[in-house]
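I have placed the structure first, in the form of structure tokens, so that the comments after it can refer back to it.
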Amino acid sequence: NGLFTAVKNFYRFKSAKKEMKNSLPYLTSKLFWYKKFNKKSEDKY
34 NGLFTAVKNF YRFKSAKKEM KNSLPYLTSK LFWYKKFNKK SEDKY
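In terms of our numbering, the numbers along the sequence shown are unbroken and rise by one, the last being 78.
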């Protein structure tokens, strides 16, 4: 299940790379929230 998700995310990233020019702000905000969420998770431990 984890492997499937990783593969799915990889292909999603590849297709997102193609559309990066018109969706750069979206990807940037997504990355920002992802990092923020990761920091919260790290603080738990």
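No residue lacks a Cβ here, since even glycine has one placed at the ideal position from N, Cα and C.
Quick caveat: nothing in here was measured; it's all calculated off a predicted structure.
7 Å is my cut-off, CB to CB: does residue i come that close to chain D?
i     : result
Val40 : Any reference to chain D falls outside this structure, which holds one protein chain only.
Verify the contact flag: residue i, CB atom, against every heavy atom of the ligand ATP, threshold strictly below 6 Å.
i     : result
Thr61 : As for the ligand ATP, it is missing from this structure, which has no ligand bound.
Residue i to residue j, Cα distance in whole Å?
i      : j     : result
Ser127 : Thr38 : For residue 127 there is no data in the structure shown, the boundaries of the chain being 34 and 78.
Lys41  : Phe65 : 21 Å
Lys69  : Lys51 : 25 Å
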